[in-house]
Amino acid sequence: MPGLTDEQVSAKWLEIAPLIDKMAERIADPSDFPVHPGSSLFDDDQASSPYGVSHAVQQCLVSGVDHLHAAKSLVIDLKMVHASAVYSLVRGSLETLSAAYWILHPARRDERVERVLRWHARNVAEQYIACEPRGLMDEAGREERLVKLDAVAISRNVSTANVRAGYRSSTAVKYVEQNPTRSKPLLPWQLCSGFAHGRQWAILGVSKQEQHETADPGVLKVKLTSDLTRVLYPTLNAFHLLTDVVELLQRRSSP
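In UniProt numbering, the protein residues as written are 1 to 255.
So, in structure tokens, the structure goes:
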């Protein structure tokens, strides 16, 4: 990260690594993150049943922590800083944690219910795309699932059109970006997505480059590598977002 010495970068990694380990332990504990009766999240679950708000948020949290812990394990435990892989892992963390925050953050219950239904509608849409060509799901099966989402939406006076439209990962990430959180995930998510898709603007713009001449005039071979400093920026943003999500989840889960 700009402005930090190598020693400061190493110290920051060693600071957050045990905290990420602790979160990995917490998501593995089925008794952790309880939703207490009398809490706003408990009532959210009743209003969105059978598509519990807390269930979706916790699923996103588990996925976000799992990706982040894998990145930490590569960098700190195995001391392997791949040119692209860490960014792809952190991207998964940023996306799923942003989705958790996006679902859980709105002040109005009906908006939280709408968002969890949109999250499920996106799941139905992607399941249909993957399964229909293989004969594992047809239009009737897709519609059956959407009608069940419609029923919950109608019970809360939520637009079924909005629900069926689903949501995009960029919508959730931009929502976090626009709200007062520790993390500003938009640029790191865009960078990590660039790495995941092999985009030159991200890879050439961020990676350390070692150039080698070739027999072709004007053509160079470039060796691309990363280091602790480069991968800290997106990882730290994911860690900050994780902190925001956990604090919000615990607050909404308490009476």
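Every residue gets a Cβ at the ideal spot worked out from N, C-alpha and C, and that includes glycine.
- Within the stretch 92-179, the alpha helix (DSSP H) runs of at least 4 residues that lie entirely inside it are, in chain order, 109-131, 139-155, 160-164, 169-177.
- Exclusion of the five residues before and after residue 252 leaves 39, 40, 41, 104 as the residues of its chain whose Cβ lies within less than 7 Å of its Cβ.
- When the Cα atoms are used, residue 18 and residue 46 turn out to be separated by approximately 36 Å.
- Using a 10 angstroms sphere on the CB of residue 121, the tally of other CB atoms reaches 16 or more, which defines it as buried.
- Excluding five sequence positions before and after residue 146, the CB atoms of its chain that fall closer than 7 Å to its own CB belong to 121, 124, 164, given in chain order.
- Sequence-distant partners of residue 88 (beyond 5 residues in either direction) whose C-beta falls short of 8 Å from its own C-beta, in its chain, are 192, 195, 196.
- Each residue's CA atom was taken as its position, placing residue 109 and residue 157 some 12 Å apart.
- The residue from 254, 199, 118, 248 with its alpha-carbon nearest to that of residue 83 is 199.
- If you ignore the 5 residues before and after residue 92, its C-beta comes within less than 6 Å of the C-beta of 67, all in its own chain and listed in chain order.
- Contact check between the stretch 176-190 and the stretch 233-245: three or more CB pairs, one atom from each, fall below 8 Å, which counts as touching.
- If you draw a straight line from the Cα of residue 126 to the Cα of residue 115, it is about 17 Å long.
- Cβ atoms of residue 86 and residue 176 stay farther apart than 8 Å, at about 21 Å.
- Beta-bridge annotation (DSSP): residue 213 is paired with 220.
- Taking each of 233, 255, 210 in turn and checking the Cα distance to residue 3, the smallest one comes out for 233.
- Assignment of residue 22 by DSSP, reduced to helix, strand and coil, places it in the helix class.
- With contacts defined as CB atoms closer than 8 Å, residue 12 and residue 236 qualify as a contacting pair.
- Under the DSSP assignment, residue 69 falls in the alpha helix (DSSP H) whose first and last residues are 53-72.
- At a Cβ-Cβ threshold of 8 Å, residue 119 and residue 151 do not count as neighbours.
- Excluding sequence positions up to five before and after residue 188, its CB lies within less than 8 Å of the CB of 90, 94, 233, 234, 237, 238, all in the same chain and listed in chain order.
- Contact annotation: residue 226 and residue 81 have beta-carbon atoms nearer than 8 Å.
- Cβ neighbours of residue 74 within its own chain (closer than 8 Å, five residues either side excluded): 80, 81, 82, 85, 86, 89.
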